[in-house]
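S.K.: My structure is below; once you've seen it, I'll send some questions.
Protein chains: 2
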Amino acid sequence: MARKAVIAAAALAVSASGGQAQNDQKRLDAEASDPAKLGWMEGTPPPADKLIRFEDGSYFSFPRTRWSFSNWRQFFPSQPLHRGATPVHVFPRAERQDIDMLTFTPLGGDKPMSWKDALGANYTDAIVVLHKGRIVYERYLGVTRPDSQHIAFSVTKSFIGTLAASLAAEGRLDPEKLVTDYVPELANSGFAGATVRQVMDMTTGIAFDETYTNPNADIIRHARAGRAAPRPAGYDGPDGFLAFLPTIGKQGEHGERFTYRSANSDTLGWIVTRATGVPVRDQLEQRFWSRLGMEQDAAIVVDAQGTPFAAGGLMLSLRDMARFGEMMRLGGKWHGAQIVPAAAVADVVKGGDKAGFAKNGAYPTLSGWSYRNQWWVSHNDHGAYMARGIHGQAIYIDPKAEMVIARFSSHPVAGNVTIDPTSIPAYEALGRFLARD
Amino acid sequence: MARKAVIAAAALAVSASGGQAQNDQKRLDAEASDPAKLGWMEGTPPPADKLIRFEDGSYFSFPRTRWSFSNWRQFFPSQPLHRGATPVHVFPRAERQDIDMLTFTPLGGDKPMSWKDALGANYTDAIVVLHKGRIVYERYLGVTRPDSQHIAFSVTKSFIGTLAASLAAEGRLDPEKLVTDYVPELANSGFAGATVRQVMDMTTGIAFDETYTNPNADIIRHARAGRAAPRPAGYDGPDGFLAFLPTIGKQGEHGERFTYRSANSDTLGWIVTRATGVPVRDQLEQRFWSRLGMEQDAAIVVDAQGTPFAAGGLMLSLRDMARFGEMMRLGGKWHGAQIVPAAAVADVVKGGDKAGFAKNGAYPTLSGWSYRNQWWVSHNDHGAYMARGIHGQAIYIDPKAEMVIARFSSHPVAGNVTIDPTSIPAYEALGRFLARD
């Protein structure tokens, strides 16, 4: 089967299963599912058919997700990440009118699509494009606004991975040590024998089913333990992310291939806390929130033990997500201060093991890519790399074009393999377009 | 019985019942209960004996409350109140060393106490004193810090009452109308026949038991409905604050006397939303958070319907609470803008019905006071008035002394009648002291 056909088939399969499991409705397009028009949670109190709740799972059901992703805070206990007294870094604006009409060919497709049409195809909630540090494009759709705190899902992982890579570059964390050197509680789990580096790069051989559409998958059981998904009546499973992680078994060998398993990220959060004695929340605040001129106090979902959901709990504004991306693009430097060691940024940019990534087989849209320090690295001719979260959350950094894109989205399907075909070629096209200037 | 003896007896009674119901431990003093020393929630994960949880009620059990009140966010879903782009209003500092040694005689006592000793007697978590807009005194104790978001409990009510009084002064809310003119859903409740003014001043004759130490009291059932207190297994009561309010019955006549009932505040939140079509969260943000040079994005606890807990859900920093108080002291003006109409501030300062307040009988520490627009008004010779929350949360505004005090506290006893004897005379003494300058 040609690559184009593989991509189309994969996208269709994920799309169909995701559509079925996550909602019983016919798939509405972006316009028909516009949360600003559907009146979710309006009224005092909202009528039953407009109510979105955590307990009954409707907060995670499309099309309600188009509202809930921008209002995640009110479904979860959280800890604040204070921006402190640092002046807001205001991006200069140099908005361009020619981006909407830019065209590209979707992966696996043969007809061109405009940038503007891609926003709808991807159920974009908000998107900002920085070029040389200036905002050249910014849109807010649905109910997402500049002051919304959208759930970042697994974009959170790249913040945690950057913390870990920073600590490694600073000599405060040894990636070659065993996970159990830092977290002895994992001695009888599938993490036994794995190195910190393997956790950082997701090459551990743990038994962890990450199928979002399977209600009994490990990713769902993990979320339930952390109170990040509703628990069924009579739930007697582990209580807390850190209680779940030691129950994970082994499957395959460590270091053989890339396998995307969110449990690695929560283990990494545990490791960086143990390595430093400083909780993940405090590290996020100390290294990023209080130093990057953020405009908002962000928040992170916590479990009943006060453990932040390192794999996917960050809630932040679009421009604050862009500030983090821009700091990475600038080699970790921000207003003269080295926020992330240059060596840590370089280690992300260089990428990980492409062969081990290719062995995975689950990413037809990411041919030639690798995964390093919880970042996705394209190895394209612009050296682009991404932070990625389910349902289309993304930071896309194109160093050659001096471009950073931050996007929030509420695509009906969780897996980015469905969303990539109309995203990645659009970003690549914009990078080429801006690089000409 | 002389007033002094009544106060002492009342304080003892409340203290004893509160102590018994809210914790099974011998009452620890402020130093022995210092949460910074007790290691609550430290460790990844915290050991069982250091864990504080919502579900088992330990979050509300002294001495754990000394930690949880400063970390309320992680026990509750919340909505953010964004500070926006307004520059932070930095209070000039003119700290004085002579305040700690200031002495006063506690109500019902006969021996002088120092200001400094009163901090411990009141289990103070944080306190700031403004004089003529400058910080003359500021202390953070236990685990509370300048960036902590402490639960304000019923200080929240004064924010809501100030919104209502503002809308009334602006002609957008008519206090003489019936509650049911704005909220027809309350037609069959104890609120039927009451005016908005009676709700604002808590002179409604509703049947609502506000005894915090009784686990079946209406205030607890109200909190459970709003998910602001744990629900017992098999709970089948009302879901949401606005589902509970219509179930409240009648007891006595409307307008006869002041009776402190938190349900009035949540009804007032409902009324101001219906009167304007603007949710309480948005009004708090639009009128206060985005305009007072706040240093933090605050948060408010919400129920499963997205209704903010108007009676007691605000979580904010100490200095942000002081900014609100200072704006009131300045007649509603802030940096040249009229945030709250002068008439609304004047209506608070003037106070309410002293005779109706005295009929209540439950406030031996507040002889000669009244209640107006969800504020407590002293009618002393300095015209002082207060926002008050259980366990010692307070804003104390002394217009004559040009003084504003904001305090967070985690006293083991809920009722301020126990805390007032070592607070109110201290504030009065400081007001007299500063007024001499």
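Line by line, the protein sequences are chains V and Y.
Count along the first sequence from 1, add 5, and you get the number used in the numbering used here.
Count along the second sequence from 1, add 5, and you get the number used in the numbering used here.
By construction, the Cβ of each residue, glycine as well, lies at the ideal position given by its N, Cα and C atoms.
Quick caveat, the model's predicted, so the values are computed rather than measured.
1) Is the beta carbon of Y/Arg236 within less than 6 angstroms of some heavy atom of the ligand NAP?
2) Would you mind sorting V/Asp403 into buried or exposed? The rule is 16 or more other CB atoms within 10 Å of its CB.
3) Tell me, please, whether the CB atom of V/Phe196 is closer than 7 angstroms to any CB atom in chain Y?
4) With 9 angstroms as the C-beta to C-beta threshold (strictly closer), list the residues of the region 377-406 of chain Y near chain V in chain order.
5) Give me the Cα-Cα distance between Y/Val134 and Y/Thr200, rounded to the nearest whole angstrom.
6) Below 6 angstroms CB to CB, which residues in the same chain sit around Y/Arg71 once its five sequence neighbours on both sides are set aside?
7) Could one say the Cβ of V/Asn28 lies closer than 7 angstroms to chain Y's Cβ atoms, at least one of them?
8) Determine the DSSP secondary structure at Y/Asn28, reduced to helix, strand or coil.
9) Threshold first: 4 residues or longer. Then list the alpha helix (DSSP H) segments lying entirely within the region 117-144 of chain V, N to C.
10) As a quick exercise: from Y/Gly436, Y/Arg229, Y/Ala431, pick the residue whose alpha carbon is nearest that of Y/Lys121.
11) Using DSSP bridges, identify the partner residues of V/Tyr401.
12) Between Y/Ala131 and chain V, is there a C-beta pair that is closer than 7 angstroms?
13) Which residues in chain V sit within 8 angstroms of Y/His87, going by Cβ to Cβ distance?
14) Could one say the Cβ of V/Phe80 lies closer than 7 angstroms to chain Y's Cβ atoms, at least one of them?
15) Taking the straight line between their C-alpha atoms, what separation do you get for Y/Glu36 and Y/Gly125?
16) Going along chain Y in order, which residues have a C-beta closer than 9 angstroms to the C-beta of V/Thr4?
17) Assess contact between the region 186-195 of chain Y and the region 154-168 of chain Y, defined as three or more Cβ pairs (one per stretch) separated by less than 8 angstroms. Is contact present?
18) Any idea which residues DSSP pairs V/Trp380 with across the strands?
19) Using the rule of at least 16 other Cβ atoms within 10 Å of the residue's Cβ for burial, across every protein chain shown, is Y/Arg177 buried or exposed?
20) Quick one: grab the DSSP three-state call for V/Asn76.
21) Are the beta-carbon atoms of V/Phe80 and Y/Pro82 separated by less than 7 angstroms?
22) How big is the Cα-Cα spacing for V/His155 and V/His387?
23) Tell me, please, whether the CB atom of V/Ala18 is closer than 7 angstroms to any CB atom in chain Y?
24) Strictly below 9 angstroms CB to CB, what residues from chain Y border V/Val184?
25) For V/Ile305, tell me which candidate among V/Gln379, V/Val160, V/Ala131, V/Met391 has the shortest Cα-Cα distance.
26) Are at least three pairs of beta-carbons, each pair with one atom in the region 382-402 of chain Y and one in the region 340-358 of chain Y, less than 8 angstroms apart?
27) Do the region 43-59 of chain V and the region 237-256 of chain V meet, that is, are 3 or more Cβ pairs less than 8 angstroms apart?
28) Of the residues that make up the region 46-57 of chain Y, which ones have a beta carbon closer than 7 angstroms to any beta carbon in chain V?
29) Could you tell me the boundaries of the beta strand (DSSP E) in which V/Met320 lies?
30) Under DSSP, the alpha helix (DSSP H) around Y/Ala41 begins and ends at which residues?
31) Taking its Cβ as the centre, do 16 or more other Cβ atoms sit within 10 Å of Y/Asp103, making it buried, or is it exposed?
32) Is the beta carbon of Y/Ala230 less than 7 angstroms from the beta carbon of Y/Asp271?
33) Using 7 angstroms as the limit for Cβ to Cβ distance, is V/Thr307 near chain Y?
34) Counting C-beta neighbours from all protein chains within 10 Å, is the total for V/Thr91 16 or more, i.e. buried, or is it exposed?
35) Here's a check: name, in chain order, each residue in its chain whose Cβ is nearer than 6 angstroms to the Cβ of Y/Arg144, leaving out the five neighbours to either side.
36) In the DSSP assignment, the beta strand (DSSP E) including V/Gln288 goes from what residue to what residue?
M.R.: Result, derived from the coordinates:
1) Annotation note on the ligand NAP: not contained in the displayed structure, which lists no ligands.
2) Position 398 of the first sequence, counting from 1, holds the residue named residue 403 of chain V. So V/Asp403 counts as buried.
3) Taking the first sequence and counting its residues from 1, one reaches residue 196 of chain V at position 191. At a cut-off of 7 angstroms between beta carbons, V/Phe196 makes no contact with chain Y.
4) Flagged: no residues at all.
5) As a first step, residue 134 of chain Y must be located in the second sequence, where it is residue number 129. As a first step, residue 200 of chain Y must be located in the second sequence, where it is residue number 195. Their backbone Cα atoms lie some 37 angstroms apart in a straight line.
6) Mapped onto the second sequence, residue 71 of chain Y falls at position 66. Excluding positions up to five away in sequence, the list reads Ser38, Pro40, Gly147, Ser415.
7) For the purposes of this step, residue 28 of chain V is taken as the residue at position 23 of the first sequence. Low confidence applies to V/Asn28: its pLDDT is 44, below 50, so where it sits in the model is not reliable, and the reading given next is rough at best. It does not: the Cβ of V/Asn28 has no partner Cβ on chain Y nearer than 7 angstroms.
8) Taking the second sequence and counting its residues from 1, one reaches residue 28 of chain Y at position 23. Low confidence applies to Y/Asn28: its pLDDT is 44, below 50, so where it sits in the model is not reliable, and the reading given next is rough at best. Reduced to three states, the DSSP call for Y/Asn28 is coil.
9) At a cut-off of 4 residues, the continuous stretches assigned as alpha helix (DSSP H) that sit fully inside the region 117-144 of chain V are 120-126.
10) The residue labelled residue 121 of chain Y in the question sits at position 116 within the second sequence. Of the candidates Y/Gly436, Y/Arg229, Y/Ala431, the one whose C-alpha sits nearest the C-alpha of Y/Lys121 is Y/Ala431.
11) The sequence position of residue 401 of chain V within the first sequence is 396, counting from 1. Answer is V/Met391, V/Ile410.
12) Here residue 131 of chain Y refers to the residue found at position 126 when the second sequence is read from its first residue. Not a single CB atom of chain V sits nearer than 7 angstroms to the CB of Y/Ala131.
13) Your numbering for residue 87 of chain Y matches position 82 in the second sequence. Neighbours of Y/His87 on chain V, chain order: Asp152, Gln301.
14) Residue mapping note: residue 80 of chain V aligns to position 75 of the first sequence, counting from 1. Closer than 7 angstroms: yes.
15) To locate residue 36 of chain Y, count along the second sequence from 1; it is residue 31. To locate residue 125 of chain Y, count along the second sequence from 1; it is residue 120. About 7 angstroms.
16) Residue numbering for chain V in the displayed model covers 6 to 442; residue 4 of chain V lies beyond these limits and cannot be assessed.
17) Touching, no.
18) The count along the first sequence starts at 1 and reaches residue 380 of chain V at position 375. Its beta-bridge partners are V/Arg377.
19) Position 172 of the second sequence, counted from the start, is the residue given in the question as residue 177 of chain Y. Y/Arg177 should be labelled exposed.
20) As a first step, residue 76 of chain V must be located in the first sequence, where it is residue number 71. Strand, per DSSP.
21) What you label residue 80 of chain V is simply residue 75 of the first sequence in a count that begins at 1. What you label residue 82 of chain Y is simply residue 77 of the second sequence in a count that begins at 1. Against a cut-off of 7 angstroms, the Cβ pair of Y/Pro82 and V/Phe80 comes out as a contact.
22) Looking up residue 155 of chain V in the first sequence gives position 150. Looking up residue 387 of chain V in the first sequence gives position 382. The alpha-carbon of V/His155 is positioned some 28 angstroms away from that of V/His387.
23) For the purposes of this step, residue 18 of chain V is taken as residue 13 along the first sequence, with counting starting at 1. Confidence is the limiting factor: at V/Ala18 the pLDDT is only 40, short of 50, which leaves the residue's position unreliable, though a coordinate-based value still follows. No, V/Ala18 lies away from the interface with chain Y (no Cβ there is under 7 angstroms from its Cβ).
24) Working through the first sequence from its first residue, we reach residue 184 of chain V at position 179. Here the premise fails: no neighbours, minimum Cβ distance about 14 angstroms.
25) Position 300 of the first sequence, counted from the first residue, corresponds to residue 305 of chain V. Minimum Cα distance to V/Ile305 is reached at V/Val160.
26) These segments touch.
27) With a cut-off of 8 angstroms on Cβ pairs, the region 43-59 of chain V is not in contact with the region 237-256 of chain V, counting fewer than three such pairs.
28) Taking 7 angstroms as the upper bound on Cβ-Cβ separation, chain V lies near residues Met46, Thr49, Pro50, Pro51, Leu56 of the region 46-57 of chain Y.
29) What you label residue 320 of chain V is simply residue 315 of the first sequence in a count that begins at 1. Unbroken beta strand (DSSP E) run through V/Met320: 319-321.
30) Start at 1 with the first residue of the second sequence, and residue 41 of chain Y comes out as number 36. According to the DSSP assignment, Y/Ala41 belongs to the alpha helix (DSSP H) that extends over 40-43.
31) Numbered from its first residue, the second sequence carries residue 103 of chain Y at position 98. Exposed is the call here.
32) The sequence position of residue 230 of chain Y within the second sequence is 225, counting from 1. The sequence position of residue 271 of chain Y within the second sequence is 266, counting from 1. Cβ atoms of Y/Ala230 and Y/Asp271: not closer than 7 angstroms.
33) Position 302 of the first sequence, counted from the start, is the residue given in the question as residue 307 of chain V. In the sequence on display, residue 307 of chain V carries Val and not Thr. V/Val307 counts as touching chain Y.
34) In the first sequence, counting from the first residue as 1, residue 91 of chain V sits at position 86. Classification of V/Thr91: exposed, given that the 10 Å Cβ count is below 16.
35) Taking the second sequence and counting its residues from 1, one reaches residue 144 of chain Y at position 139. Cβ within range, chain order: Ile132.
36) Position 283 of the first sequence, counted from the start, is the residue given in the question as residue 288 of chain V. Per DSSP, V/Gln288 is not a residue of any beta strand (DSSP E); the alpha helix (DSSP H) it occupies stretches across 285-289.
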